[in-house]
Every structure is written in C-alpha cells, then in structure tokens.
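Residue 306 in our numbering sits at position 306 of the sequence shown; the count goes up by one each step and never skips. For each residue, glycine too, the CB sits at the ideal point set by N, CA and C.
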Amino acid sequence: MSELQEQRILELIPAAYEHSPFYRELWSAAGVDPGKVRSLDDFAAMIPTFTKDDLRAYRDRTGDPFAGLLQVPPTQLTSIMSTSGTTGTPELLPEIWESVPPLPGCQARDFWELGVRPGDRVIVPAGTFRGFYDTFFQEMGLVPVFVDSWIGQGAEIIAALRRYRPAWIQLVMPMVLELERLEGAYDIREACSSLKGAAFAGQPLGAALASKVRDDWGMELFTFTSAGDTGTAWECREHDGYHLWEDLVMAESLATDGLRSVPDGEIGELVATDLDNRAAPLIRYRSGDLVRLDRGVCGCGRTHVRQWIIGRLGDETVVDGKPVVLAELWPAIESQEETHDGMFQVIRTSRVADRLRLRVGYQSTGTPDLDDLRGRLSAAVVARVGLEPEIELVPVDDLLARSSSVAKFPRVVKE
1 MSELQEQRIL
11 ELIPAAYEHS
21 PFYRELWSAA
31 GVDPGKVRSL
41 DDFAAMIPTF
51 TKDDLRAYRD
61 RTGDPFAGLL
71 QVPPTQLTSI
81 MSTSGTTGTP
91 ELLPEIWESV
101 PPLPGCQARD
111 FWELGVRPGD
121 RVIVPAGTFR
131 GFYDTFFQEM
141 GLVPVFVDSW
151 IGQGAEIIAA
161 LRRYRPAWIQ
171 LVMPMVLELE
181 RLEGAYDIRE
191 ACSSLKGAAF
201 AGQPLGAALA
211 SKVRDDWGME
221 LFTFTSAGDT
231 GTAWECREHD
241 GYHLWEDLVM
251 AESLATDGLR
261 SVPDGEIGEL
271 VATDLDNRAA
281 PLIRYRSGDL
291 VRLDRGVCGC
301 GRTHVRQWII
311 GRLGDETVVD
321 GKPVVLAELW
331 PAIESQEETH
341 DGMFQVIRTS
351 RVADRLRLRV
361 GYQSTGTPDL
371 DDLRGRLSAA
381 VVARVGLEPE
391 IELVPVDDLL
401 ARSSSVAKFP
411 RVVKE
C-alpha cells in the first residue's frame with residue numbers, strides 16, 4: 001500500500017504544480033521544488049497543508065469557482081457536484097467519470113459489506129449534492145427508488161418501504177423524525193423488515209434516535225462520514241470505526257497547531273490527500289476533523305486504516321473561559337421528553353463567547369408550557385456543563401427548515 005501511495009503521490013505532485021494555479025501559488029510561496037519530492041518522506045516534509053478557508057480566500061480573490069484546484073479544461077469534466085454546505089458556502093466537486101464516478105466508486109466496497117447485492121432495490125432521498133447515484137446503482141445491478149424524504153412525507157416513505165421491499169435505505173434526519181411521528185399509526189418495524197441495512201451520515205443522530213432506529217425499528221444502522229472531503233468512510237459490520245480506503249485517500253493525523261505527526265490512538269486532525277481524483281485533487285488538506293486512527297487489522301478482516309471522529313476543530317465554544325463541546329450538551333437536551341430527539345444548535349459569533357446560547361427544537365402535539373420546558377432544559381445543562389444557558393425554543397420542523405443543508409443538520413451556527 002505504501003508503494004502504491006508513493007507512486008500516485010509522485011505522479012500527483014508535478015501534475016498539480018503544472019496545472020493547478022492554487023497549488024503553484026501555495027507551494028511557490030513555501031519554496032517547494034516539486035522535482036525534489038521523490039518519496040513519501042519528502043512529501044510529508046516539503047508539501048504544506050491548507051484549509052477550506054484558504055480555498056475560499058483564493059476563490060474570493062480570483063473569482064475562480066473551483067478555487068484554483070481544477071487541473072483540466074472544464075470541457076473535460078463529466079459532472080460538477082458540490083459539498084453539502086453545512087458549515088458555509090458549498091464547495092464545487094468537479095469530476096471526470098470513467099467506469100464509475102470517484103465518490104460512489106469508493107462506496108461500492110461499503111455497500112457490499114453491508115449485504116447489498118445485484119437485483120436489490122435501494123431507497124434514496126432525492127438530493128442535489130455529492131454525486132449522481134442513479135448510474136452508479138444501476139452499474140452495480142441495483143434498482144434505485146428515489147423518495148421525497150422531507151418534512152411531511154412520512155406516509156409516502158412508509159408506502160415505498162412496503163411496496164418496493166428495499167434492501168437498503170439512506171436515512172436523513174427529516175426521514176427519521178417523520179417515521180418517529182408515525183409510530184402510533186404504522187408498524188415501522190414491519191415496514192422496515194426487508195432492509196439489510198440503513199445508512200446515516202452528517203451530524204450524529206444522538207443516543208435516543210440511534211437506539212430507536214436500531215432497537216425499536218430493527219434496522220442495522222451503518223453510519224458514515226467524510227474522508228476529509230476526498231470521499232467517504234463507512235462503518236463495517238463490526239461497527240468499530242470508519243474505514244478509509246488507502247488506495248484512494250492517503251490519511252495523516254497531524255497536531256492541530258503544526259505539522260507534527262500524531263501517533264495512532266491519539267487525537268489529531270485528519271489531513272487528507274486525494275489519490276484517485278484527476279480533476280481537482282485535494283493535497284494535504286486539513287479537514288478540521290479531530291480523529292483517532294488505528295492501522296491494526298479490523299475484526300472484519302480489513303487492513304485499511306480506521307478513523308473515529310472525536311469532533312470538529314471549530315465546534316468547541318469557550319464561555320467565560322470554560323470550554324463546552326457538543327457531546328457534553330447532547331445528554332442534557334435528550335433528557336427532556338419534548339426534546340429527546342436531541343435537535344439543538346449552539347449559536348455564537350465566534351469560538352469565544354460571553355454566554356452559552358442554544359436553539360432547541362421541541363416536539364409536541366399540544367400546547368407545551370415553553371417556560372417550564374426552558375427551565376427544565378436549563379437545569380439539565382447546568383448540571384452537565386456548569387453554565388447557565390440562554391435557550392431559544394422552536395418547533396423541530398422550523399429548526400430543520402432553517403438549515404442551510406438538505407442532508408446535514410449544523411450544530412454550531414453563526415448568530
């Protein structure tokens with residue numbers, strides 16, 4: 001694997017320097033001579049890292065929608081997709097398709113692992129980002145069933161499950177909440193009984209909803225996450241970390257304040273390099289994901305590195321000198337019946353704040369006593385983090401409707 005990665009890196013560096021304005025500017029400013037990069041050790045020692053803010057700054061300064069990354073004429077592109085835009089402006093993802101698109105291509109192994117086979121039907125929420133899956137599914141011999149999964153479509157989702165008896169379903173947060181609302185009217189477990197697995201990505205479901213999906217509805221839940229924007233990383237049947245495909249992405253874990261390599265098992269920032277992207281590869285991209293890596297053999301038998309997502313670099317909020325992370329707030333929000341779905345956001349103008357401001361979504365069929373709910377939530381938060389919060393309560397549908405992304409729910413938002 002190291003030999004393969006080195007071969008691809010040594011092909012990647014001169015091509016990027018010649019054809020990518022962003023890398024030529026970044027590396028020239030760092031005094032990099034691409035001809036002197038002759039090994040993986042040289043790559044780690046010489047090539048600088050960069051962040052999404054660096055790309056945004058280049059795009060704003062030059063007007064280039066591809067932020068200087070594009071290495072081919074636009075006429076050679078097969079498609080232009082985008083990221084979800086959960087934390088800001090969506091980033092364009094130009095692709096050159098050959099046998100299969102790059103992003104779905106890496107997922108074929110993950111679909112096989114969760115039991116999906118040719119001839120199976122799969123339910124997919126109609127979406128507008130990250131990749132066009134229809135052709136990919138059909139090349140795998142699957143039948144994609146596209147279903148509107150947004151607010152108010154719960155009955156249609158259940159009807160599709162019962163009619164098509166799919167083997168796999170891609171869950172998104174509105175779909176989960178819709179199914180939860182209809183538990184009294186439908187047998188959700190029976191409707192989902194054909195599924196070999198269900199996938200979920202984006203911000204975590206939280207303990208209460210994840211337990212409902214697994215235990216009450218009987219779905220084997222496979223969560224997946226980003227591989228530093230180079231693709232995706234999925235759980236296997238061991239449900240013990242997310243596999244990064246090392247022939248497609250070279251993963252490094254670096255100290256958040258520099259280029260020091262962090263040993264496996266310790267927490268560092270995921271730095272990712274595309275090894276299969278000929279259109280606009282990311283090279284030593286600092287993802288902002290705080291991860292723990294393990295290169296040992298997984299219980300499923302795979303030897304590709306696994307990652308555990310500890311959090312996002314920018315999600316910690318410091319209030320009166322006290323750091324607060326999302327994982328500390330989650331149990332407090334889930335502790336109340338009306339807010340057990342764990343739908344909440346931290347509202348702030350910067351990482352350092354003078355007070356803890358929360359926006360919390362609540363479920364209710366009647367007219368709830370919001371003052372009472374706010375008091376109970378406040379007490380639960382104080383007990384968990386020792387800070388008195390300022391809480392804005394909104395119906396959970398309104399909270400979802402405010403989201404800038406159709407698939408991910410942002411947990412930290414600007415005021």
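Buried or exposed for residue i, going by 16 or more other Cβ atoms inside 10 Å?
{"i": "E11", "result": "exposed"}
{"i": "D274", "result": "buried"}
{"i": "R130", "result": "With a pLDDT of 49 at R130, under the threshold of 50, the predicted position of this residue should be treated as unreliable, though the coordinate-derived value follows. Label assigned to R130: buried."}
{"i": "K414", "result": "exposed"}
{"i": "L4", "result": "exposed"}
{"i": "T417", "result": "Since the first residue shown for the chain is 1 and the last is 415, residue 417 is missing from the structure and cannot be characterised."}
{"i": "W217", "result": "buried"}
{"i": "M1", "result": "exposed"}
{"i": "T223", "result": "buried"}
{"i": "S350", "result": "exposed"}
{"i": "G154", "result": "buried"}
{"i": "E18", "result": "exposed"}
{"i": "T225", "result": "buried"}
{"i": "V318", "result": "exposed"}
{"i": "S39", "result": "exposed"}
{"i": "E190", "result": "exposed"}
{"i": "Q76", "result": "exposed"}
{"i": "Q138", "result": "exposed"}
Tell me which same chain residues have a C-beta within less than 6 Å of the C-beta of residue i, skipping the five on either side of it?
{"i": "R357", "result": "I347 and E390"}
{"i": "V381", "result": "A332 and P389"}
{"i": "G164", "result": "Checking the sequence, you will find Tyr at residue 164 rather than Gly. Cβ within range, chain order: R121 and V145."}
{"i": "I267", "result": "L290, R292 and I310"}
{"i": "E6", "result": "L40"}
Closest by CA to residue i, which one among the options?
{"i": "G321", "options": "R402, L142 and V352", "result": "V352"}
{"i": "G375", "options": "T365, E388, S364 and R384", "result": "E388"}
{"i": "R402", "options": "R384, A383, V360 and E334", "result": "V360"}
{"i": "A15", "options": "K52, R56, T49 and L70", "result": "L70"}
{"i": "R355", "options": "A167, V249, G386 and I267", "result": "G386"}
{"i": "W234", "options": "V32, F200, G218 and D276", "result": "F200"}
{"i": "G197", "options": "L370, E220, S20 and R214", "result": "E220"}
{"i": "D215", "options": "D294, V37, G119 and E180", "result": "E180"}
{"i": "P410", "options": "P395, S378 and G314", "result": "G314"}
{"i": "F50", "options": "L259, L40, V116 and T225", "result": "L259"}
{"i": "R61", "options": "P21, S39 and R38", "result": "P21"}
{"i": "Y285", "options": "D372, V143, R8 and D53", "result": "D53"}
{"i": "A108", "options": "S261, C236 and D187", "result": "C236"}
{"i": "E98", "options": "G68, E178, F136 and E392", "result": "F136"}
{"i": "G288", "options": "D371, D134, R312 and A272", "result": "R312"}
{"i": "A280", "options": "S261, P74, V37 and D42", "result": "P74"}
Could you give the C-beta distance for residue i and residue j, rounded to a whole number, given that I count them as a contact under 8 Å?
{"i": "K270", "j": "M343", "result": "The sequence given here places Leu at residue 270; Lys does not occur at that position. Incorrect: roughly 26 Å between the Cβ atoms, too far for contact."}
{"i": "I157", "j": "M175", "result": "6 Å"}
{"i": "S82", "j": "E95", "result": "Rounded, the Cβ-Cβ distance is 11 Å, inconsistent with contact."}
{"i": "P65", "j": "R59", "result": "7 Å"}
{"i": "E238", "j": "C298", "result": "6 Å"}
{"i": "Q336", "j": "L282", "result": "Not confirmed; about 41 Å, so no contact."}
{"i": "S194", "j": "A167", "result": "7 Å"}
{"i": "H340", "j": "A208", "result": "5 Å"}
Keeping to the same chain, check which residues put their C-beta closer than 8 Å to that of residue i; ignore five residues upstream and five downstream.
{"i": "P368", "result": "E338 and Y362"}
{"i": "E316", "result": "P323, V324, V325 and R351"}
{"i": "R278", "result": "Q71, V72 and I96"}
{"i": "V396", "result": "L177, D341, M343, G361, Y362 and Q363"}
{"i": "I80", "result": "L92, L93, P94 and E95"}
Is any heavy atom in the ligand GTP found nearer than 7 Å to the beta carbon of residue i?
{"i": "T232", "result": "For the ligand GTP, the structure offers nothing, since it holds no ligand at all."}
Who are the near neighbours of residue i in its chain, counting only those whose CB is closer than 7 Å to its CB and skipping five residues on each side?
{"i": "D264", "result": "L293, D294 and R295"}
{"i": "G141", "result": "P118 and G119"}
{"i": "Y186", "result": "I158"}
{"i": "L393", "result": "V360, Y362, L370, L373 and R374"}
- Message: Whether or not the stretch 253-261 and the stretch 217-237 are in contact is what I'm after, with contact meaning three or more pairs of Cβ atoms, one per stretch, closer than 8 Å; do they touch?
- Response: no
- Message: With three or more beta-carbon pairs closer than 8 Å as the criterion, would you say the stretch 25-32 touches the stretch 43-62?
- Response: yes
- Query: Quick one: any contact between the stretch 321-330 and the stretch 282-300, if contact means 3 or more CB pairs under 8 Å?
  - Reply: no
- Query: Does the stretch 17-27 come within contact of the stretch 242-250, defined as at least 3 CB pairs closer than 8 Å?
  - Reply: no
- Task: Count the CB pairs spanning the stretch 107-125 and the stretch 305-313 that are closer than 8 Å, and state whether there are at least three.
- Result: Verdict: no, contact absent.
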